[in-house]
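Engineer: Using my numbering, you'd call the opening residue of the sequence shown number 28 and step up by one each time.
No residue lacks a Cβ here, since even glycine has one placed at the ideal position from N, Cα and C.
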Amino acid sequence: MSEAKKTIQCGLYIKYGFIQSRTNLSSPMCLICQKTFSNETMKPSRLLDNFNKMNSAQPTLSMLFSAASEQDNDGLRASYNISLLTAKTGKPHTIGEDLILPTIKEVITTVLHKLAADIIRKIPLSNSSVQRRIYEMAENIEESLCNHLKTSIFNSMG
């Protein structure tokens, strides 16, 4: 194989995420999955297919951040929902820390066979957190009710 053709193929390899294999210089090796492929794979369409397939399987930085952010939002949403349930039952605000979090931990470890520490950490249920969430929800309900009454038919009669 001439030196010019070899250089062109090397450039083609890199364009699609491949380099020459260390063990067999005529075979391409994927930079992402570190696999060596046969000469049949040297076609640009095959190189591109593998590159796209491997890139779609690899999480990007933005995907990782959005997944972490979504998990944090899910924990916050769960905290608000549990705070609402606590308010509806009239139980002390400390029930979240004293009973609910240990119950969630037990369910996660027993039923799902996963470590619960990361999940539990994302659900703030301290006494002050529950109290603050209940207060925020009550304020929101009061504000929504006042806005509704201002725009209702009763206001226009007045």
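1) At 4 residues or longer, what runs of the alpha helix (DSSP H) sit wholly inside the segment 101 to 178?
2) Among the residues of its own chain, which have a CB less than 6 Å from the CB of residue 102, if the five just before and after it don't count?
3) Where DSSP assigns a beta bridge to residue 46, which residues make up the other side?
4) Less than 7 Å separating the beta-carbons of residue 152 and residue 124?
5) Taking only the alpha-carbon atoms, compute the straight-line gap between residue 74 and residue 100 and give it to the nearest angstrom.
Structural biologist: Reading it off the structure:
1) 128 to 134, 144 to 148, 154 to 178
2) 149, 150
3) 56
4) yes
5) 39 Å
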